[in-house]
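Below is one structure, written out as structure tokens, with a few remarks after it.
Here you go:
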């Protein structure tokens with residue numbers, strides 16, 4: 032059996048991001064803001080726990096887990112955690 036520690040990419044008052052290879056597991060606290068930016072990579076996000084206010088481009092809506100969503104690179108996106116949340120991000 033080969034067990035390895037999972038590397039923490041970042042931890043701050045909002046929560047923690049774990050390195051899962053091409054994916055990242057993210058746990059965020061209620062009220063925290065994630066993303067609020069654009070970047071070149073497309074992403075697919077799996078919200079596995081909680082509820083968020085999600086903005087992609089100029090569209091904003093309330094989203095509850097479990098749900099999957101994607102957006103192309105260079106598209107503005109922002110997540111506001113309305114509850115404690117857990118998500119997995121895959122970057123292409």
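Numbering (my numbering), first residue to last: 32 to 123.
C-beta: ideal position from N, C-alpha, C; glycine also.
Query, Result
"Chain B contact for residue 37 (CB, 8 angstroms cutoff)", "Of the protein chains in the structure, only one exists, and it is not chain B."
"For residue 57, three-class secondary structure by DSSP", "strand"
"Cα-Cα separation, residue 55 to residue 62", "20 angstroms"
"Residue 50 to residue 39 span [Cα, whole Å]", "6 angstroms"
"Segment limits, beta strand (DSSP E) that includes residue 72", "It is not in any beta strand (DSSP E) - residue 72 carries neither H nor E in the DSSP assignment."
"Outcome for residue 52 when other beta-carbon atoms lying within 10 angstroms are tallied against a minimum of 16", "exposed"
"Opposing strand residues paired with residue 85 [DSSP bridges]", "92 and 110"
"Reduced DSSP category for residue 117 - H, G, I as helix; E, B as strand; rest coil", "strand"
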